[in-house]
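A short worksheet on the structure shown next.
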């Protein structure tokens, strides 16, 4: 677990199997550290819980630090965010290609403490990405930042993710998933309860939305136990992201950096699941385990 170089080589081996691109169009000459190696380094750091770039470059072997500087690593990592998401989708496709049941939920991502929100300049370089004040019903608390929306399979592999300001209601995310999934059952909590959205999803892309009904609704029926049990899978994933990958700890100052950090942590989780399944043939959700 603590052998950074061995973990790096294992993850790089997996990434090379699913990706043939080593360079991007914007690069005029081949860098000493290829794009794939840089992404691999980022995923290895997230897997090992190294959440600070200063700490990462103190622990890196000289064979890697001789190839890239920390500031260059930071800039290139942000530019590779779209490629990182492509890798995540390729990894997820090995699990979710024939899935017909998914779970949707959201979690709060705090940018800074609520008391600092009025003078904070974090993630405010783009108008569309301004953080906002929101309320988390699960924690019964207000916070300032963004909200992570996610869809995962019942086996625990993320299929779709998105970020929004904290004040955006969960149900608005369902309007954006029509081009991403279809012909399936989607399980959510009461935050996604809407007869209009439910009908629209079914008619447009044959998605059956299953949510618990409120106790005071007419013709109240309790949600089937199998659906309530499956919905816990995404809550477990969120707990793993908070515990091992420290997704709620934020060091980023720009929204691009914030988005890249979140995407790196989720891609690292998916990569470890892939290694568990196709390299060691073990439970994919054993995340705190050696991959060497």
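In the UniProt record's numbering, the protein residues as written are 1 to 292.
For every residue, glycine included, the Cβ atom is placed at its ideal position computed from N, Cα and C.
Pull up the distance between the alpha-carbon of residue i and that of residue j, whole angstroms please.
i: residue 106; j: residue 209; result: 16 Å
i: residue 278; j: residue 92; result: 12 Å
i: residue 1; j: residue 148; result: Confidence is the limiting factor: at residue 1 the pLDDT is only 45, short of 50, which leaves the residue's position unreliable and the question unanswerable from this model.
i: residue 144; j: residue 38; result: 31 Å
i: residue 335; j: residue 72; result: Only positions 1 to 292 of the chain appear in this structure, which leaves residue 335 out of reach.
i: residue 360; j: residue 184; result: Any question about residue 360 goes unanswered here, given that the chain covers just 1 to 292.
i: residue 114; j: residue 179; result: 35 Å
i: residue 57; j: residue 17; result: 26 Å
i: residue 43; j: residue 217; result: 46 Å
i: residue 112; j: residue 120; result: 8 Å
In the DSSP output, which residue or residues are listed as bridge partners for residue i?
i: residue 103; result: 152, 187
i: residue 110; result: 145
i: residue 134; result: 143
CB-CB under 6 Å to residue i, same chain, minus the five flanking residues each way: which ones, in chain order?
i: residue 193; result: 211
i: residue 201; result: 207, 209
i: residue 214; result: none
Around the Cβ of residue i, are there at least 16 other Cβ atoms within 10 angstroms (buried) or fewer (exposed)?
i: residue 308; result: The structure shown does not extend to residue 308, since the chain spans only 1 to 292, so no value can be given for it.
i: residue 236; result: exposed
i: residue 231; result: buried
i: residue 164; result: buried
Considering only residues of the same chain and omitting the five flanking positions on each side of residue i, which have a CB-CB separation below 7 Å?
i: residue 96; result: 153, 157, 159
i: residue 132; result: 165, 166, 167
Nearer than 7 Å: is that true of the beta carbon of residue i relative to any heavy atom of the ligand MN?
i: residue 169; result: Only the bare structure without any ligand can be found here, which leaves the ligand MN out of the picture.
Give every residue of the same chain whose Cβ lies closer than 8 Å to the Cβ of residue i, excluding the five residues on either side of it in the sequence, and list them in chain order.
i: residue 110; result: 143, 144, 145, 248, 250
i: residue 126; result: 255
Please specify which runs of the alpha helix (DSSP H), each continuous and at least 4 residues long, are wholly inside the segment 22-92, giving them in chain order. Counting only runs of 4 or more, we get 35-47, 53-59, 62-65, 70-79.
Runs of 4 residues minimum, wholly inside the segment 229-257: which ones carry the alpha helix (DSSP H) assignment? Here no run is fully enclosed.
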